[in-house]
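**Q** Below are the structure tokens for one structure; questions will follow.
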DNA sequence: GCCGTCGTATGACATCTGTCATCCGGCAGT
DNA sequence: ACTGCCGGATGACAGATGTCATACGACGGC
């Protein structure tokens, strides 16, 4: 029979990572050959271990799983990419696929889908939740410009306009202009609501 | 040798839950006899399955793991309680212990600590991260009143004062007063920052 | 070359938010 | 009985935020 599938597992929470490794370890045809806890450790580890499939959590320090996916698909295009996330945000799906992901799984899907997805991507298939795919297509593309996104992200923790202006080397008026247009694009009533909406859609 | 330890596992994300079950399943002396995905299913499941230890995630729909812990320790005091969480917030630790938890683990601790904690609580020990315990003691008690907490929670998603007043049947002025005192208690500069700080400390 | 968009900026204006003083009724300690 | 705290409220004020018009240089597409 065919050799075992070599998997790289990237997930920052040790307990979850090792638990997922245990889960995959129960499968005869799958072997977890490397584990990393940070996005920026993915590429080096993949280079070192000659992996078939990389399993990438999105929320990680160093770099997100999506950023890691983009790097991998450029540097090691033979490696198949499964993106895993807590949040089924349509925008995540979109950018993950644009970054070269072959599968997109949410963590509240049944565990059996994990091993299944690994096998399927190796066979050249793509695996995505149809509901999520529909949602991603329905909501359209991210309407925010780079700068607007950046400023919204910076505004998330409760910074004042003065803080933001200083942090981003802008005038306070400019900060307010960007926030104002972002608020309108997202049909929010203030910056906090705008941040929430953008987060929900996966646009940040 | 002693019979196997019967564990109830409560965690909303199926993939993580089943992965943790797989991890615990590798231990000879531990058996996962029940799995639930919601906080409000914990007590019924515990009643039905005669468990020794309940493993409770905090962030769950229906009821939090902490609320479930409080119920369990009242209704089935023989069951040992391990609280598991993504976020190492000192306030969580405090309320978890006050709710009768015997152990408190964060998900980015090594996986080995999970089985270890299960065995220890059954032996009557308590398991908590010393660093977190120190932080919990250092930061003192939650300074917010019930109402302040409630209003901060409601303000989290970007509601305006008018929204909050309507939702909580208060005058707008009263809403502003509560937010103002909360902001000062938390040494924040606006509601958004206050929410962030309260969240970080586990006071919401 | 022209048009649209983006990044950046200013000024004026209206509204929202945060602060403060002050008040009331209820309730827990002392 | 007195004190203090909580929930709730009002009014006044200052400062922060959101909106709008307008402007300019850079760049991309047509």
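Chains as they are written, first to last, in the UniProt record's numbering: chain E, 1 to 204; chain F, 1 to 204. Even glycine gets a Cβ: it sits at the ideal position worked out from N, Cα and C.
1) Quick test of your reading: residue 52 (chain F) and residue 5 (chain F), contact by CB under 8 Å. State the CB separation rounded to the nearest angstrom.
2) Could you give the distance in angstroms between the alpha-carbon of residue 198 (chain F) and the alpha-carbon of residue 124 (chain E)?
3) Please confirm whether residue 16 (chain F) has its beta-carbon closer than 8 Å to some beta-carbon of chain E.
4) Report the neighbours of residue 10 (chain F) on chain E: residues whose CB is nearer than 8 Å to its CB, in chain order.
5) Does DSSP classify residue 195 (chain F) as helix, strand or coil?
6) Output the boundary residues of the beta strand (DSSP E) element that contains residue 63 (chain E).
7) For residue 139 (chain E), collect the residues of the same chain with a Cβ closer than 8 Å to its Cβ; drop the 5 residues on either side in sequence, then sort them by chain order.
8) Kindly give me the distance between the Cβ atoms of residue 108 (chain E) and residue 60 (chain F), rounded to whole angstroms, as I take these residues to be in contact under 8 Å.
9) On the DSSP bridge list, what partners appear for residue 9 (chain F)?
10) Closer than 7 Å, Cβ to any Cβ of chain E: which residues of the stretch 148-181 of chain F, in chain order?
11) Going by the DSSP bridge assignment, what does residue 103 (chain E) pair with across the sheet?
12) Does residue 190 (chain E) get closer than 8 Å to chain F when you measure Cβ to Cβ?
13) Give the straight-line distance between the Cα atoms of residue 172 (chain E) and residue 179 (chain E), rounded to the nearest whole angstrom.
14) At which residues does the alpha helix (DSSP H) containing residue 146 (chain F) begin and terminate?
15) On a Cα-Cα basis, can you pick out the residue from F:194, F:166, F:13 and F:88 that is closest to residue 135 (chain F)?
16) Whole angstroms is fine: what's the gap from residue 56 (chain E)'s alpha carbon to residue 174 (chain F)'s?
17) How far does the alpha helix (DSSP H) with residue 163 (chain F) in it extend, from its first residue to its last?
18) Can you say whether residue 13 (chain E) is buried or exposed, counting buried as having 16 or more other CB atoms within 10 angstroms of its CB?
19) Just the C-alpha distance for residue 187 (chain E) and residue 181 (chain E), rounded to the nearest angstrom, thanks.
20) When the cut-off is 8 Å and only beta carbons count, does residue 108 (chain E) lie next to chain F?
21) Please list, in chain order, the residues of the stretch 17-38 of chain F that have any C-beta partner in chain E closer than 7 Å.
22) What are the partner residues of residue 30 (chain F), as DSSP defines its beta bridges?
23) Output needed for residue 167 (chain F): all residues of its chain with C-beta closer than 8 Å, excluding positions within five of it in sequence on either side, in chain order.
24) Does the separation of the CB atoms of residue 81 (chain F) and residue 69 (chain F) fall below 8 Å?
**A** So, from the data block:
1) Along the second chain, read from residue 1 onward, the residue named residue 52 (chain F) stands at position 52. Along the second chain, read from residue 1 onward, the residue named residue 5 (chain F) stands at position 5. About 5 Å separates the Cβ atoms of residue 52 (chain F) and residue 5 (chain F), confirming a contact at the 8 Å cut-off.
2) As a position in the second chain, residue 198 (chain F) is number 198, starting the count at 1. As a position in the first chain, residue 124 (chain E) is number 124, starting the count at 1. One C-alpha to the other measures close to 47 Å.
3) Translated into positions along the second chain, residue 16 (chain F) becomes position 16. Yes, contact with chain E.
4) Translated into positions along the second chain, residue 10 (chain F) becomes position 10. None at all; the shortest Cβ gap to chain E is about 14 Å.
5) Within the second chain, residue 195 (chain F) is the residue found at index 195, counting from 1. Looking at residue 195 (chain F) - three-state DSSP - the assignment turns out to be helix.
6) Residue 63 (chain E) sits at position 63 when you count from the first residue of the first chain. Boundaries for residue 63 (chain E): no beta strand (DSSP E) harbours it, and the DSSP string shows neither H nor E there.
7) Numbered from its first residue, the first chain carries residue 139 (chain E) at position 139. The residues 90, 91 and 201, in chain order, have a CB closer than 8 Å to that of residue 139 (chain E) in the same chain once the five nearest residues on each side in sequence are set aside.
8) As a first step, residue 108 (chain E) is located in the first chain; it is residue number 108 there, counting from the start. As a first step, residue 60 (chain F) is located in the second chain; it is residue number 60 there, counting from the start. About 11 Å separates the two Cβ atoms, so there is no contact after all.
9) Counting from one through the second chain, the residue named residue 9 (chain F) turns up at place 9. Residue 9 (chain F) is bridged to F:35 and F:55.
10) Within the stretch 148-181 of chain F, 157, 158 and 160 place their CB atoms closer than 7 Å to a CB of chain E, listed in sequence order.
11) Walking along the first chain from the start, residue 103 (chain E) turns up at place 103. Note: residue 103 (chain E) is bridge-paired with E:82 and E:127 in the DSSP secondary-structure output.
12) The residue labelled residue 190 (chain E) in the question sits at position 190 within the first chain. It does; some Cβ of chain F falls within 8 Å.
13) For the purposes of this step, residue 172 (chain E) is taken as residue 172 along the first chain, with counting starting at 1. For the purposes of this step, residue 179 (chain E) is taken as residue 179 along the first chain, with counting starting at 1. Using only the alpha carbons, I get a separation of about 11 Å.
14) Taking the first residue of the second chain as position 1, residue 146 (chain F) is located at position 146. 146-155 is the span of the alpha helix (DSSP H), which, as asked, contains residue 146 (chain F).
15) Sequence index remark: in the second chain, residue 135 (chain F) carries index 135 (1-based). Ranked by Cα distance from residue 135 (chain F), the first of F:194, F:166, F:13 and F:88 is F:88.
16) Translated into positions along the first chain, residue 56 (chain E) becomes position 56. Translated into positions along the second chain, residue 174 (chain F) becomes position 174. Going by the C-alpha atoms only, they are around 47 Å apart.
17) Within the second chain, residue 163 (chain F) is the residue found at index 163, counting from 1. That run of the alpha helix (DSSP H) goes 161-168.
18) Translated into positions along the first chain, residue 13 (chain E) becomes position 13. Using a 10 angstroms sphere on the CB of residue 13 (chain E), the tally of other CB atoms reaches 16 or more, which defines it as buried.
19) Reading the first chain from its first residue, position 187 is the one you call residue 187 (chain E). Reading the first chain from its first residue, position 181 is the one you call residue 181 (chain E). Here the alpha carbons of residue 181 (chain E) and residue 187 (chain E) stand approximately 10 Å from one another.
20) Translated into the one-based positions of the first chain, residue 108 (chain E) becomes position 108. Taking 8 Å as the CB threshold, residue 108 (chain E) lines the interface with chain F.
21) Identification of residues in the stretch 17-38 of chain F having a C-beta nearer than 7 Å to some C-beta of chain E yields 18, 19, 20, 22, 23 and 26, given in sequence order.
22) Residue numbering aside, residue 30 (chain F) sits at position 30 when the second chain is read from its first letter. DSSP, once it has assigned bridges, lists F:5 as partnering residue 30 (chain F).
23) Taking the second chain and counting its residues from 1, one reaches residue 167 (chain F) at position 167. Around residue 167 (chain F): 154 and 159.
24) The count along the second chain starts at 1 and reaches residue 81 (chain F) at position 81. The count along the second chain starts at 1 and reaches residue 69 (chain F) at position 69. Yes. Within cutoff.
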